[in-house]
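Notes follow the structure.
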């Protein structure tokens, strides 16, 4: 399923909790920097990475 830009905008307006599968602990990686940005904007980020216990201050 491919989401259109407007559908993505609507999802981001209504969802306040986002699970990020494969979230990297490396702050230089996009998954980490985008997740930190989203958290700063009020989203709760749930990291999903079985190789890590905690990422960006959240239990993985």
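Residue numbers (the working numbering): 2 to 61.
We treat Cβ as the ideally placed atom computed from N, Cα and C, and that holds for glycine.
Taking all protein chains in view, the Cβ of residue 24 is crowded by 16 or more other Cβ atoms within 10 Å, so the residue is classified as buried. A Cβ-Cβ distance of about 11 Å is found for the pair residue 18 and residue 40, leaving them out of contact under the 8 Å criterion. Proximity to residue 38 across 8, 15, 21 and 61 peaks at 21, based on C-alpha coordinates.
In this structure, the CA atom of residue 47 is about 13 Å from the CA atom of residue 26.
With contacts defined by Cβ atoms closer than 8 Å, residue 49 and residue 61 form a contacting pair.
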